[in-house]
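For reference, the structure discussed in these notes is given below.
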Amino acid sequence: MYLDQAQHKMLTTSFPDDYSEASLLDTMSSWLGRLLGLNATPHSMDKILPFLFLGNDHAASHLPDLRKAGITHVCNVATQCNDHFPDHFEYLHLHLFDSPTQKLAKHIKAAGAFIHRAKH
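When we follow the working numbering, the leftmost residue of the sequence shown carries the number -15, and every step to the right adds one.
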């Protein structure tokens, strides 16, 4: 993969020492989005199908965006992410690790059934 000059500059730019962890995460998300041409803002949530969204923990923790999108169910597949609004949404939490060794097959049926119920 070859980087153009703008991408190379973004890649090699250092961050000030006074960034908080949260602002560094926001900056890195924004930088990654620009680099890859993706919408990777802190509250990033992408519509995959008319009834299915894909988002990160920031998106899952931002109630106004979830409500605006008409979200009713959340399939949380990350071990490290909380179910932020159990009083507002139905959750399926699979507690998976982001690892190439994570076994997914046994979770596919449960996730599919959950998405099917949410759709109907």
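Using N, Cα and C, we set each Cβ at its ideal position, and we do this for glycine too.
task: Can you have a look at L88 and say buried or exposed, based on whether 16 or more other CB atoms are within 10 angstroms of its CB?
output: Taking all protein chains shown into account, L88 has fewer than 16 neighbouring C-beta atoms within 10 Å of its C-beta and is therefore exposed.
- request: Check H42 in the structure and name its three-state DSSP category.
  value: H42: helix per DSSP, three-state reduction.
query: Is DSSP giving K31 helix, strand or coil here?
result: Of the three classes helix, strand and coil, the one that applies to K31 here is strand, per DSSP.
7 Å Cβ cutoff met for V58 and L78: Between V58 and L78, the gap from beta carbon to beta carbon reaches 7 Å or more.
Identity of the residue in M29, L36, D30 and K31 nearest I99 by Cα: The residue with the shortest Cα to Cα distance from I99 is L36.
- prompt: Which of the three DSSP states, helix, strand or coil, is assigned to H77?
  reply: It is a strand residue.
query: If you draw a straight line from the C-alpha of G39 to the C-alpha of T85, how long is it?
result: Between G39 and T85, the C-alpha separation is close to 22 Å.
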